[in-house]
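Residue numbers (the numbering used here), protein chains in the order written: chain V, 1 to 356; chain A, 1001 to 1356; chain G, 2001 to 2356; chain H, 3001 to 3356.
4 protein chains.
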Amino acid sequence: MPEGQKIRIAVNGYGVIGKRVAGAVARQQDMSMIGVSDVVTDWRARMVTKNGLSLFGATPEHVGAMRAAGLEVAGTLDELLGQVDVVVDCTPKHIAAKNIDLYRRRGLKFIVQGGEKHSTTGHSFVAESNCVSALDREATRVVSCNTTSIVRTLTALKRAGLLQRARGTLLRRATDPWESHESGIMNTLVPEPEIPSHQGPDAQTVDPGLDVVTMAVKVPETLAHLHYWSVQMTRPAGKEEVLDAFRTSSRIAFISMSEGLVALNAVKELMADLGRPHANLYEVALWADMLRVQDDELFYAYMVDNQAIVIPETIDAIRALIGELREGAESIAMTNAALGVGGSLIGAGVGEPVRR
Amino acid sequence: MPEGQKIRIAVNGYGVIGKRVAGAVARQQDMSMIGVSDVVTDWRARMVTKNGLSLFGATPEHVGAMRAAGLEVAGTLDELLGQVDVVVDCTPKHIAAKNIDLYRRRGLKFIVQGGEKHSTTGHSFVAESNCVSALDREATRVVSCNTTSIVRTLTALKRAGLLQRARGTLLRRATDPWESHESGIMNTLVPEPEIPSHQGPDAQTVDPGLDVVTMAVKVPETLAHLHYWSVQMTRPAGKEEVLDAFRTSSRIAFISMSEGLVALNAVKELMADLGRPHANLYEVALWADMLRVQDDELFYAYMVDNQAIVIPETIDAIRALIGELREGAESIAMTNAALGVGGSLIGAGVGEPVRR
Amino acid sequence: MPEGQKIRIAVNGYGVIGKRVAGAVARQQDMSMIGVSDVVTDWRARMVTKNGLSLFGATPEHVGAMRAAGLEVAGTLDELLGQVDVVVDCTPKHIAAKNIDLYRRRGLKFIVQGGEKHSTTGHSFVAESNCVSALDREATRVVSCNTTSIVRTLTALKRAGLLQRARGTLLRRATDPWESHESGIMNTLVPEPEIPSHQGPDAQTVDPGLDVVTMAVKVPETLAHLHYWSVQMTRPAGKEEVLDAFRTSSRIAFISMSEGLVALNAVKELMADLGRPHANLYEVALWADMLRVQDDELFYAYMVDNQAIVIPETIDAIRALIGELREGAESIAMTNAALGVGGSLIGAGVGEPVRR
Amino acid sequence: MPEGQKIRIAVNGYGVIGKRVAGAVARQQDMSMIGVSDVVTDWRARMVTKNGLSLFGATPEHVGAMRAAGLEVAGTLDELLGQVDVVVDCTPKHIAAKNIDLYRRRGLKFIVQGGEKHSTTGHSFVAESNCVSALDREATRVVSCNTTSIVRTLTALKRAGLLQRARGTLLRRATDPWESHESGIMNTLVPEPEIPSHQGPDAQTVDPGLDVVTMAVKVPETLAHLHYWSVQMTRPAGKEEVLDAFRTSSRIAFISMSEGLVALNAVKELMADLGRPHANLYEVALWADMLRVQDDELFYAYMVDNQAIVIPETIDAIRALIGELREGAESIAMTNAALGVGGSLIGAGVGEPVRR
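Below, the structure written as structure tokens:
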């Protein structure tokens, strides 16, 4: 990249992830949000231009349909791709796999989401774990919301030399709010048919050294996932030592029952009160006062905003592919500053267990 | 009020309504948000100062408890009241009734919410209906979310000479998101035991001339209320004539099924996409393409954001009590501009039924 | 039918309706439940034989798959049809339309469900309204749960000369419990896009003289539908007169708020306590104390168990097609006795508004 | 007890547990259901006599109120207690503690439910674990639904010498269906504030030798609890060996994903199809095909019907206190036969993992 020039970004797919990525890119000083491509012609597409972004159609046919619906369209996806350095694919699961050829023909760097297979890019990304190995690559995959949270937390324990093996139960929100009128589950719980569920092995695509087994179940709510962990540590440790390990991650935020943050809805309301767009919780929100150490065992729970948690990782992944910054920490700090990530959610020093 | 001086406001109670009122007051050029009073000491109180407002405790005891919890407190409610022109009471239902003596002793103008009785202030307020009758009064009551929507819509029909009588079925959200971990209903519907429900008579406290009967039922969702209406018009009318009547209100926004806004969750997502704080829907969101005229009968449905719809009314009520502006329309225009209310939600001319 | 011989019945499709029909047929003294046909091979099919019924496969291929799964299969649907007088089609929506040719080739009398069009049989059935016109016919359609409840209640008002026009808002349960793990809506309300919704016109396929308009909305619960009605009567009437009109139907059961039956879940629990299979509510459960008369207007609400309400109608429809009994009332009485329908749900004389 | 004489039982409290206990007692050949005591006067009380049982009022005042409501009342609780050998207390949490003095003064044997403390009786009961230690006691506590399931399953593993330690995550239904109109949580998850949750220590009141830690979370559904377990075994074992261990319990029923029993709602529907009263699932329903063994670790999940699982235990507890039968297995077999417990839920040999 010529010095001082901004990284030019296209977002393909303006869904729950795409619109958040586009908004986050627009907040980065070193990036320029060139345009968004999509296929729909209703209110969702209108939000692209309403939010000041350029709208492109996936094909000439889509462009035609969009214009017929009164949308202001800047051109086709193909034309958009001609103007950017990196494309972030946020199309629905398994569709990205078909787009990759297009990106490659264009010689573009690209990012796919966690719904795609590791093999589509050969690299799976979580900023605090393996940013460096993504430097200058053609492409990477930002792993799913669940996997991102797992790698963030277990990497923190591993860095502190505490992690032997981790066994988790994952409560997955059943559908996203924007499509909760056409899909979902009602008054039931739906276990993943297989144990282990795929998230454990998926975390190993980022860090093959993690000894992790997950079980997963769909629950009838739309707000966020909730993880419960039972960790065998390498040795007995104190609670403060464990909290200190988690504190080394800027993307794990402590919350506490004693501050009234007693359920998913309360934490989500906090995000809205903080004025975050879409009430995004980018962090793993981990209950610090609930966390329990029992000899060499560790038990804790945290909340994962499945719509938001991968957004900072995606921004870091963009920078890694471009390779201007050689240290993950630099990118992480830039991203965090732009998105308001890091530090206490409710005020310095409050809501944390008292140090003893 | 001395010319050029801003109206000084206190908000008593920082709950779902109070925090929205405080945020809306802060956006008005002619108002100054002096401080917020509350009784809690947890994350909810921390949001007051986090959002740049001054926090007061309801009593010296509350101030003490807040300081013990590490909160920065500016003083007591009593001290706050000494610095303002108008206090907006947003305390929980029926508590305001006890605060009124305090406000009166202070010689303050005050506003109570729809949970209180009409008799507490002797005046019930909906901006487009009876703003003028509130001018210079000591106090008014901003009616409830449901009643506000009823008066807005029926007033529009009445202005056009179309309204004979209206019969409505009101689907009420069961609890607010922020407290949905401790109250609510599950997988059931709970009819109000009495027909008519109280909303019809309540609308008559604003406009005694309305012939309106309501039936209400609690439904297991937290997003918004939904009203269905069957209206006997004074005469047969065309659909466009009815839509034109609704168009005379700047606080009724048309939405349409054909634009994909097919359910409460989709409309709420739209508000988040528009970047509105708390994804507030201040307008009555009325489905224009679903609306049906059959001879002299009219059928339609709309969505009511129970947390947000009364916010613009509250702002107008403040101005009415102060009496600087003598025309409701002026205040309404100022409030709308400050909050982004008015005009099409998704783009000029789109999402409306085609004129024939 | 030779005297003393039982009507031989096949049920095609063992879903929520089919299994209830099969169970109800088995309780009729004048009917013989010959067999059930289906296409699935899992636990649902196992319930057929577990409940003592004969299981048939829709095709030889299905029979093969069922046997491979260890199911005891009596033969094919075709073989089943050779042994019966009437087939009740309970296959999913729109599939019955394809089966009709098969039934006709066999010279069988048949019944389809409300998901099919009126034109498939040319006759739509609700026992208390038009039983006589179904006598000796080849086929009829038992209308949907919602429509059945509408015709039952409005027919009662019409018989008493009270009905001018009826306007209803229908809250529809979003999915059935047994499939609530794979479909549904979550924390939202989904209006039917069109007003009027189809139930009004559908009621007119049974009784063209009904002046009825309906609006419908899907709600996030699985238990039952709930209807709210606003009726213009032909003249002012007293509440007792209206209740007496409803009392002429043995399939409208009064419930009351004052007895604690304050929501759908409570009524459903009552059905379970009564020991009814599947906690079936065959009646329209109408809140008698909530019902309100205001001059010549009438307002009321009732609950409709969408899985159960059509079961007694289906039994009566079978008898009507066979034509042995020439009076609807005779069949209704037989069906009611066999299913425990009729009389007070909670005890004679209790739970009803006091007569004045 | 004189030979041939039935054990005479009173049930105090006709709620979700009480009504099931009363129904189950009525099915036992060696027991006589003398009467039920309660305090309410609405439909719930009417079900007592509707179901052929005698109704008593908790106090003379309650008797008066019941009679005023038209209920047929046989007398007071005190009078009821004079006619029985054992009273099963099914009053709401913490109320039983106050009743105990009354029972003791009467010299009655009594059973309290899991909501009470262990110390109220000094003995906590799960039939397959410690039936013998309850023989001839004055009283015992049937532990809660969650604890019952934990003890049943871990006892089976322990008997086989496989259990070292067990770590569980418990998803708790938020409220019971019959009161879901007045309590519950909506679209959120509510973690228990403390780790470990109380169920682990509670299991140790039955078997102090269990090394068990539990974490619990309230989920927004009403059907049943769902447990996920991660067990450290004493040694590597095969899956069949583990299944065989569970097969030694007649109150653990295998279900399987491959049979379509893929979620709580499907299993509950199965219970309704089986014709069980209230669709009761008395067994721990454990997914056999989902269960996973990995070296010396074991992972599995099961469903717990919180309204029904303690019913067979309560019946066995009655017999233990009376002491006529000296072997737990005899009582368990009698109870199982009377309630239809034991054997495959859907047919012999089906729905089980293939033996290899």
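Glycine included, C-beta positions come from ideal geometry on N, C-alpha and C.
Beta carbon of residue i nearer than 8 Å to that of residue j
i           : j           : result
Gly-1342(A) : Asn-1336(A) : yes
Trp-2287(G) : Met-2334(G) : no
Trp-178(V)  : Leu-1261(A) : no
Ile-3311(H) : Val-3021(H) : yes
Leu-162(V)  : Ala-237(V)  : yes
Leu-2055(G) : Met-2033(G) : no
Leu-80(V)   : Ala-10(V)   : yes
Thr-148(V)  : Ile-111(V)  : no
Val-142(V)  : Gly-114(V)  : yes
Beta-carbon neighbours of residue i, restricted to chain G and to distances below 8 Å
i           : result
Lys-3218(H) : Residues of chain G passing the Cβ test: none, with the nearest at roughly 16 Å.
Met-1033(A) : Going along chain G, no residue has its Cβ under 8 Å from Met-1033(A), so there is no contact; the nearest lies around 32 Å.
Per-residue contacts from residue i into chain H (C-beta, under 8 Å)
i           : result
Ala-1308(A) : The contacting residues do not exist; Ala-1308(A) stays about 18 Å from chain H at best.
Min CB distance residue i to chain V below 8 Å
i           : result
His-1062(A) : no
Ile-2185(G) : yes
Asp-1395(A) : This structure cannot settle anything about residue 1395(A), because the visible part of chain A is limited to 1001 through 1356.
Trp-1287(A) : no
Leu-1270(A) : yes
Short CB-CB distance (under 8 Å) between residue i and chain G
i           : result
Trp-3043(H) : yes
Phe-1299(A) : yes
Leu-1071(A) : no
Glu-3330(H) : no
Arg-3355(H) : Here Arg-3355(H) scores only 46 on pLDDT, less than 50, and its place in the model should not be relied on; the value that follows carries that caveat. Not closer than 8 Å to any Cβ of chain G, the Cβ of Arg-3355(H) fails to qualify, so no.
Chain A contact residues for residue i, given Cβ-Cβ distances below 9 Å
i           : result
His-3181(H) : Ile-1185, Met-1186, Thr-1188, Leu-1189, Val-1190, Lys-1218
Glu-283(V)  : Those do not exist, as Glu-283(V) stays about 15 Å from chain A at its closest Cβ, beyond 9 Å.
Neighbouring residues, chain G, relative to residue i (Cβ below 7 Å)
i           : result
Ala-174(V)  : Met-2186
Leu-1264(A) : Thr-2188, Leu-2189
Residue i classed as buried or exposed, judged by whether at least 16 other C-beta atoms fall within 10 angstroms
i           : result
Lys-1098(A) : exposed
Tyr-3014(H) : buried
Lys-2019(G) : buried
Glu-3119(H) : Correcting the residue type first, residue 3119(H) is Ser in the shown sequence and not Glu. Classification for Ser-3119(H): exposed.
Asp-305(V)  : buried
Arg-1326(A) : exposed
His-1094(A) : exposed
Gln-3294(H) : exposed
Val-3132(H) : exposed
Residues that residue i contacts on chain H, provided the C-beta gap is smaller than 9 Å
i           : result
Leu-2274(G) : Met-3047, Lys-3050, Asn-3051
Val-213(V)  : Ser-3230, Arg-3292, Gln-3294, Glu-3297, Phe-3299
Interface partners of residue i on chain V, CB under 8 Å
i           : result
Glu-3195(H) : Glu is not the amino acid found at residue 3195(H); the sequence shown has Ile there. Ordered by position in chain V, the residues that pass the 8 Å Cβ test against Ile-3195(H) are Met-290, Leu-291, Arg-292, Phe-299, Tyr-300, Ala-301.
His-1123(A) : Simply none; closest approach about 32 Å.
7 Å Cβ cut-off: residues of chain V touching residue i
i           : result
Thr-2222(G) : Met-186, Asn-187
Where residue i meets chain G, residues with beta-carbon distance less than 9 Å
i           : result
Arg-1167(A) : Arg-2167, Ser-2230, Glu-2297, Phe-2299
Leu-3226(H) : Here the premise fails: no neighbours, minimum Cβ distance about 12 Å.
Leu-3055(H) : Going along chain G, no residue has its Cβ under 9 Å from Leu-3055(H), so there is no contact; the nearest lies around 12 Å.
Chain-ordered chain V contacts of residue i [CB-CB under 9 Å]
i           : result
Leu-3171(H) : Thr-169, Leu-171, Leu-189, Val-217, Val-219
Cβ of residue i within 8 Å of any chain A Cβ
i           : result
Met-2257(G) : yes
Discussion item. Give me the subset of the region 12 to 32 of chain V whose CB atoms are less than 8 Å from a CB atom of chain A, sorted by chain position.
Written reply: Within the region 12 to 32 of chain V, the qualifying residues are Lys-19.
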